[in-house]
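**Q** Each residue of the sequence shown is one higher than the one before, starting from 169 at the first, in the working numbering.
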Amino acid sequence: MKKIRNLDLPSEIKTLGQVLRYKAEKNGGKVYLRFEGREYSYREVHEISNRLGNSLRALGVGRGDHVAFLMDNKPELLFLYFALAKIGAVSVPVNTAAKGELLVYYLTQSDSTVLIADSGLVERFRNVEDQCGNIRNIIIHHEEGDEATDASPSLAAKVINYDDLLEGSAADIPEESSARDLIFLLYTSGTTGPSKGNMVPHGRAVLGAVDHVEYFGYQPEDVLYTCLPMFHGNALNTSAIPALMADASFVLSRRFSARAFWQEIRDNGVTAFSLLGAMANILWAQPESPQDRENDARLCMMVPVPDFAREFEKRYDLTITSVYALSDFGFITFLSPEHPPEKWKSAGQPRHEMTIRIMDDEDNALPPGTPGEICVRCDVPWITARGYYKMPEATMEANRNQWFHTGDRGYLDEDGYIYFVDRKKDAIRR
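(1) Between L412 and E204, what straight-line distance do the alpha-carbon atoms span, to the nearest angstrom?
(2) Label S457 either buried or exposed according to how many other C-beta atoms from any shown protein chain fall within 10 Å of its C-beta, with 16 as the threshold for buried.
(3) Could you check whether F588 and G578 sit closer than 8 Å to each other, using their CB atoms as the reference points?
(4) Measure the CB-CB distance between V438 and D464 and report whether it falls below 8 Å.
(5) In whole angstroms, what is the alpha-carbon distance linking E120 and L323?
(6) Return yes when the Cβ of K254 is within less than 8 Å of the Cβ of S217, no when it is not.
(7) Roughly how far, in whole angstroms, is the beta-carbon of V265 from the beta-carbon of G221, given that I think they are within contact range, below 8 Å?
(8) Using a Cβ-Cβ cutoff of less than 7 Å, which residues in the same chain neighbour Q186 once the five nearest sequence positions on both sides are dropped?
(9) Taking its Cβ as the centre, do 16 or more other Cβ atoms sit within 10 Å of V548, making it buried, or is it exposed?
(10) For S446 and L580, I'd like the C-alpha separation in whole angstroms.
(11) Based on the DSSP secondary-structure assignment, which residues constitute the bridge partners of Q517?
(12) Using 8 Å as the threshold, is the C-beta distance between D286 and H234 below it?
(13) Going by DSSP in three states, Y386 sits in which element: helix, strand or coil?
(14) To the nearest angstrom, report how far apart Q387 and R591 are at their CA atoms.
(15) Using the Cβ count rule (16 or more neighbours within 10 Å means buried), how would you classify N366?
(16) Along the chain, which unbroken stretches of the alpha helix (DSSP H) at least 4 residues long are found entirely within the stretch 255-330?
(17) Which two residues bound the contiguous alpha helix (DSSP H) that contains T487?
Okay, here's the thing in structure tokens:
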């Protein structure tokens, strides 16, 4: 049987649904997901997502349909992502802070026909429903202990309870999707204008996770952790899906809490996690404790790498890695602990499918050491986003001259290490 690289994964597997089915057959009762004391095996996650997928199909949700989410971190969100992947629909995670005009933009620009929301967030949709005529069905998830009576009768869209979807058949769902078919529409932060919906294909989800397992060295005994929001690409692409690919376990937390962080790491035997932005600084500023080194963590992906990184490693007895990543591409470069100490200020070297070129404003290549726009090209099909949804001009501009223009400025050194400088454009939120 031909395998994908050095992983025990048949090469004919091209979609996330196929990966889950294969891993469920292989790992059975092994714990895949942990959340607040609850555990779900590989088999359970596969069966739950089958039930949800079959129920969604019965509601008329099918291949190519867009389904928006307004949900906080919880297992049900991941189950639904898997379910939609199996039936060929496209998940559209929405930032849970979105409301008013911004929420209308996400729901209408994405052409979503279904909204799945936490009961506590339904009011946000109700306030703008008259501007979102494309939403025909709303599925409401109630937290345990929630009153089943919300104000949903005022909603014009058909209302379905999430729990009712669990009554669907657990039978496997025949899949028609391929590596090129979309699995996610992930919106950018909108720092240089209106948020753009990255059209993420199954190939990106699958092969990106394969690369994470390979570069980060994940093993079946690893326990990956995230407290980052599941509407963000990092939580999906560096934790949830790579854990599945590695036959490992995945711990999901509701949110980042400096006070609770290390206790969650210790209680769950976490071996790998990510820290983005100010998270590392916040943890570093906490009072030192004799328990700091009492954890099973071996690997922390930190972006960016702060000046105190080496001291952080010693304090918490772990190893730091870093990447340069984009919502369009996933991680482009990798900084390994094996890289020379003098390269620690870099973001590493390109992963094997990626080529980086630094260009001036006329798309001419610049020599090592000269800052310019970071441009990227990939040699493997369907491992990157397919462009921006309903934004052909922005897609063409970003990919002009057959190079993806990141909008970031940086430079390469003589050894091919990338150094980030700043954003090419001023950040303007609209």
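Just so it is clear, CB atoms sit at the ideal spot from N, CA and C, and this is done for glycine as well.
All figures in this text were calculated on a predicted structure; none of them were measured in a lab.
**A** To lay it out plainly:
(1) Here residue 412 refers to the residue found at position 244 of the sequence shown. Here residue 204 refers to the residue found at position 36 of the sequence shown. Between the alpha carbons of L412 and E204 lies a distance of about 19 Å.
(2) Walking along the sequence shown from the start, residue 457 turns up at place 289. Under a 10 Å Cβ-count criterion, S457 is classified as exposed, with fewer than 16 other Cβ atoms of the shown protein chains found around its own Cβ.
(3) Residue 578 sits at position 410 when you count from the first residue of the sequence shown. Residue 588 sits at position 420 when you count from the first residue of the sequence shown. The Cβ atoms of G578 and F588 sit closer than 8 Å to each other.
(4) In the sequence shown, the residue the question calls residue 438 occupies position 270. In the sequence shown, the residue the question calls residue 464 occupies position 296. A contact, by the Cβ cut-off of 8 Å.
(5) Since the displayed the chain opens at 169 and closes at 598, residue 120 lies outside it and no answer follows.
(6) Indexing the sequence shown from 1 puts residue 217 at position 49. Indexing the sequence shown from 1 puts residue 254 at position 86. Using a Cβ distance threshold of 8 Å, S217 and K254 count as a contacting pair.
(7) The residue labelled residue 265 in the question sits at position 97 within the sequence shown. The residue labelled residue 221 in the question sits at position 53 within the sequence shown. The sequence shown places Ala at residue 265, not Val. The distance from the Cβ of A265 to that of G221 is about 29 Å, inconsistent with a contact at the 8 Å cut-off.
(8) Locating residue 186 in the sequence shown gives position 18, counting from the first residue. The beta carbon of Q186 is closer than 7 Å to those of E343 in its chain, skipping five residues each way along the sequence.
(9) Working through the sequence shown from its first residue, we reach residue 548 at position 380. Counting every other CB atom within 10 Å of its CB across the protein chains shown gives V548 a total below 16, marking it as exposed.
(10) The count along the sequence shown starts at 1 and reaches residue 446 at position 278. The count along the sequence shown starts at 1 and reaches residue 580 at position 412. A small correction: the amino acid at residue 446 is Ala; Ser does not occupy that position in the sequence shown. If you take the alpha carbons of A446 and L580, they lie about 25 Å apart.
(11) Position 349 of the sequence shown, counted from the first residue, corresponds to residue 517. The partner list for Q517 (beta bridge, DSSP) reads F502.
(12) Counted from its first residue, the sequence shown places residue 286 at position 118. Counted from its first residue, the sequence shown places residue 234 at position 66. Not a contact, by the Cβ cut-off of 8 Å.
(13) What you label residue 386 is simply residue 218 of the sequence shown in a count that begins at 1. The DSSP-derived three-state label of Y386 is coil.
(14) Indexing the sequence shown from 1 puts residue 387 at position 219. Indexing the sequence shown from 1 puts residue 591 at position 423. Near 36 Å, if we compare the C-alpha coordinates of R591 and Q387.
(15) Position 198 of the sequence shown holds residue 366. Counting every other CB atom within 10 Å of its CB across the protein chains shown gives N366 a total of 16 or more, marking it as buried.
(16) You should have 268-277, 290-294.
(17) Residue numbering aside, residue 487 sits at position 319 when the sequence shown is read from its first letter. For T487, there is no enclosing alpha helix (DSSP H); the enclosing beta strand (DSSP E) has its first and last residue at 487-494.
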